[in-house]
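Numbering (our numbering), first residue to last: 1279 to 1327.
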């Protein structure tokens, strides 16, 4: 069995052989409210590449 489903997963997939690929998973209806915070998180990942 795999891991339980989680909401708002934001992950850099370099460890899976995909450098520069930011995976955004489980972002559903509250995404409009959270979009600024999501953008900040993704920008921070890119700044640290």
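Built from N, CA and C at the ideal position, the CB exists for glycine as well.
The structure displayed is predicted, hence computed values, not measured ones.
8 angstroms Cβ shell around residue i - same chain, five flanking residues per side excluded
i, result
"residue 1289", "1300, 1301, 1303"
"residue 1312", "1286, 1305"
"residue 1315", "none"
Residue span of the beta strand (DSSP E) that contains residue i, given as start and end
i, result
"residue 1300", "1300-1303"
"residue 1289", "1287-1290"
Cutoff 6 angstroms; reference residue i; Cβ partners in own chain excluding five residues on either side
i, result
"residue 1285", "1304"
"residue 1310", "none"
Delimiting residues of the alpha helix (DSSP H) encompassing residue i
i, result
"residue 1322", "1309-1325"
Backbone CA spacing between residue i and residue j [nearest angstrom]
i, j, result
"residue 1296", "residue 1320", "15 angstroms"
"residue 1327", "residue 1317", "16 angstroms"
"residue 1280", "residue 1308", "25 angstroms"
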